Amino acid sequence: MNICVIGCGRLGIPYAAGMAIGGNEVLGLDVAPATVRTLSSGRVPFSEPGLAEAISHHSGNGTLRFTCSYEDVAAHADLHILCVGTPQQTGGELAADLSDPNAAVVELVPHLRRDAVIVVKSSVPVGTTAQLGGIARALAPAGAGVRPVRER
């Protein structure tokens with residue numbers, strides 16, 4: 001299966017590696033070019049047992065690649081896994097900052113040319129998946145059905 005993991009941080013990188021180990025073709029997307037360069041060279045920016053070896057092996061055999069291009073991931077995959085940050089909002093509010101999941105959907109969906117599933121792996125409040133689904137359906141080009149789901 002062709003899979004995209006959006007967000008190559010502490011959640012996304014291990015998830016992408018696991019999907020590649022499972023026999024999938026994985027394209028990881030991060031908006032930071034330095035992160036994409038580091039991962040593309042087979043290196044990992046933090047310590048996690050066995051992760052560097054998995055990234056190096058699967059990057060080397062082509063089953064795991066990295067990009068900054070939403071157009072590339074839209075063309076590559078039918079399954080997109082959101083692993084972006086949801087830190088606490090600034091200003092003392094006890095709520096998640098959903099700007100990264102929102103931005104990922106806004107950037108991805110207009111490039112889709114066929115049906116796609118978006119899995120929300122990020123930690124988000126109740127109702128976020130429905131909100132992201134509304135955004136996705138509003139932005140989806142003709143002929144592209146989008147179904148956001150929350151991983152359980």
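All letters in the sequence shown, in the order written, are residues 1 to 152 by full-length UniProt numbering. Heads up, the beta-carbon is just placed ideally off N, CA and C, and yes, glycines get one too. All values derive from a computational prediction rather than experimental measurement.
Residue 15 to residue 5 span [Cα, whole Å]: Residue numbering aside, residue 15 sits at position 15 when the sequence shown is read from its first letter. Residue numbering aside, residue 5 sits at position 5 when the sequence shown is read from its first letter. Answer to the nearest angstrom: the Cα atoms are 8 Å apart.
Alpha carbon to alpha carbon, how far is residue 100 from residue 10? Give it in angstroms, no decimals. Within the sequence shown, numbered from 1, the residue matching residue 10 stands at position 10. Within the sequence shown, numbered from 1, the residue matching residue 100 stands at position 100. When the Cα atoms are used, residue 10 and residue 100 turn out to be separated by approximately 15 Å.
C-alpha gap between residue 135 and residue 128, whole angstroms: Along the sequence shown, one-based indexing puts residue 135 at 135. Along the sequence shown, one-based indexing puts residue 128 at 128. Residue 135 and residue 128 have their C-alpha atoms spaced approximately 11 Å apart.
Of all the alpha helix (DSSP H) runs that stay within the bounds of the stretch 97 to 134, which reach a length of 4 or more residues? List check, alpha helix (DSSP H) in window: 99 to 108.
On the DSSP bridge list, what partners appear for residue 88? Position 88 of the sequence shown, counting from 1, holds the residue named residue 88. Beta-bridge partners assigned by DSSP to residue 88: 96.
Collapsed DSSP secondary structure at residue 147 in the structure displayed: Counted from its first residue, the sequence shown places residue 147 at position 147. Residue state, collapsed to three classes: strand.
At least 3 beta-carbon pairs within less than 8 Å: the stretch 60 to 68 vs the stretch 17 to 35: Yes, they touch.
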